[in-house]
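Residue numbers (full-length UniProt numbering): 1 to 142. Note that CB positions come from ideal geometry on N, CA and C, so glycine has one too.
Here is the structure:
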């Protein structure tokens, strides 16, 4: 028996992961693991492969953070900008970029965080944890 709650336990944080590439989804899921940081609850990764599935999940609510693959077809950067425009209290959005030169596109998309391909199993959970910590802080800042 594990003394740590599983990803489906009450209080688990839900990370929506969008990529049209199955391998990218697998790499991200493995990099995130069950917990991105000791001070945060476990994470539950909800994988989707299409933009309509992202919109459905975001409309349903309960997403604590979304990871959008900028290399997906169709791309995650335009979707990131759309979500920022359309969702009043949009959860943090992290964009995966294909090249360092794509950083300006991530800025245009209004992403809260950016991580490049290939997926770095140390950097990705650190950035996700930082974004989740910011999202779980009490309201009233700025």
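Per DSSP, which residues does residue 96 bridge with? Please list them.
As a first step, residue 96 is located in the chain shown; it is residue number 96 there, counting from the start. Per DSSP, 69 and 115.
Beta-carbon proximity of residue 63 to residue 100, cut-off 9 Å:
On the chain shown, position 63 is the one that residue 63 refers to. On the chain shown, position 100 is the one that residue 100 refers to. Contact: no.
Rounded to whole angstroms, what is the Cα-Cα separation between residue 55 and residue 69?
Here the question's residue 55 lines up with position 55 in the chain shown. Here the question's residue 69 lines up with position 69 in the chain shown. Computed Cα separation, rounded: 14 Å.
In this structure, how does DSSP classify residue 24 when only helix, strand and coil are distinguished?
Looking up residue 24 in the chain shown gives position 24. Here residue 24 sits in helix by DSSP.
Option nearest residue 11 by Cα separation, candidates 23, 41, 130 and 119
Your numbering for residue 11 matches position 11 in the chain shown. Measuring from the Cα of residue 11, the nearest candidate turns out to be 41.
Could you give the residue range of the alpha helix (DSSP H) that holds residue 79?
Translated into positions along the chain shown, residue 79 becomes position 79. First-last of the alpha helix (DSSP H) with residue 79: 76-86.
Tell me whether residue 50 sits in a helix, a strand or coil according to DSSP, three-state version.
Your numbering for residue 50 matches position 50 in the chain shown. Coil at residue 50, not helix or strand.
Specify, as a first and last residue, the run of the alpha helix (DSSP H) that residue 105 falls within.
Residue numbering aside, residue 105 sits at position 105 when the chain shown is read from its first letter. Element bounds for residue 105: 103-109.
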